[in-house]
Amino acid sequence: METKCKLCPAECGADRSHECGACGADSTVRVAKYGLHPFEEPCISGKKGSGTVFFSGCALRCVFCQNHEISRANTGEPCDTHSLVRIFRELEDMGAENINLVTASHYVPQILQAFKEYRPKIPVVYNTHSYEKIEVLQALDKYIDVYLPDMKYYSPKISARYTGKANYFEYASRAVAFMARRECEFDGEKMMRGCIVRHLVLPLCTDDSLKIVQWFASLNSPAYFSLMGQYTPCGDIENFPELKRRITPREYKKVRDFVFSCGIEHLFLQQLEAADSRFIPDFSADTNTLF
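All residue numbers for the sequence shown refer to numbering that gives the first Met the number 0, where the first residue is 0 and numbers rise by one.
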């Protein structure tokens, strides 16, 4: 890792060997929790669950993050290269459908070292907020089978309000376009290679969602689109009254109907019943499972 960290578009310049960067992490990889995740898209979770590894810290830091307990804190078990490899092997032994790396961009150099030591026998999923640099994705590309990027915001005003990053779409659009080029391959109903671009509809942000849908459709990529309605009020939203409610069926329908009108066929839709805290991972030390 460079002395002055510039891994992500924030380019905070922190010397993470002895301080935390904008992501809230130093150079020591910290895994908040790992286990089998049954609630990803069906082709990701499969029958046995996605072998999900939740990393602590995040460069984007959305105020409403459902994983705020770990994304805003440098917590979790410290992991060196051998520890990461052990986790990958353990998830394989548990019968995981894949290895699902959640918010790992600030640990890419260390993860690359782990992959050089051990290449998982099951697909590797890169689950990201998409506030990424292309050169970082290029370094990872040969080790990743499935990309699972969020496309969160189109408007600089909205992304600045909820993340402090007005340049989110500038970087995320390039990153997602890169990931969405991946041709999709399936083994039965299980995705072995490919890309699923996710978008979470937020309260009072349907017009922004429509612009994201239109942008995705313009890519003409082989990627799938996953329209999520699971927004659940949580995180640090005290000063954001508009975020203190779930989205309405009307809001979701507006965006869903536009997805249909754009002719997007490779599609996942989500029931609004998914907007429930029981689908949010449990990061406490009280249990060894995610849910």
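By construction, the Cβ of each residue, glycine as well, lies at the ideal position given by its N, Cα and C atoms.
For H128, the number of other beta carbons within 10 angstroms of its own is at least 16, and it is reported as buried. Contact annotation: the stretch 143-154 touches the stretch 194-212, with at least three C-beta pairs closer than 8 Å. Contact check for M150 against V175 passes: the beta carbons are separated by less than 7 Å. Note: V28 is bridge-paired with C78 in the DSSP secondary-structure output. Under the 8 Å Cβ criterion, the stretch 179-187 does not count as touching the stretch 80-87, having fewer than three qualifying pairs. The stretch 99-108 and the stretch 52-63 touch, with no fewer than 3 CB-CB distances between them shorter than 8 Å. A residue is called buried when at least 16 other Cβ atoms come within 10 angstroms of its Cβ; T2 does not meet this threshold and is exposed.
For A273, the closest alpha carbon among the candidates Y251, G262, E10 is that of Y251. In the DSSP secondary-structure assignment, M190 is bridged to F185. Straight across, the Cα-Cα distance linking V200 with E89 is about 35 Å. The beta carbon of E188 sits closer than 7 Å to those of P41, C42, all from its chain and outside the five residues before and after it, given in chain order. When beta bridges are read from the DSSP output, V196 appears opposite F224. Around the beta carbon of G20, 16 or more other beta carbons sit within 10 angstroms, so the residue counts as buried. Cβ contact annotation for P155 (same chain, cutoff 6 Å, sequence separation greater than five): A165, in chain order. Note on L6: 16 or more other CB atoms within 10 angstroms of its CB, so buried under the neighbour-count rule.
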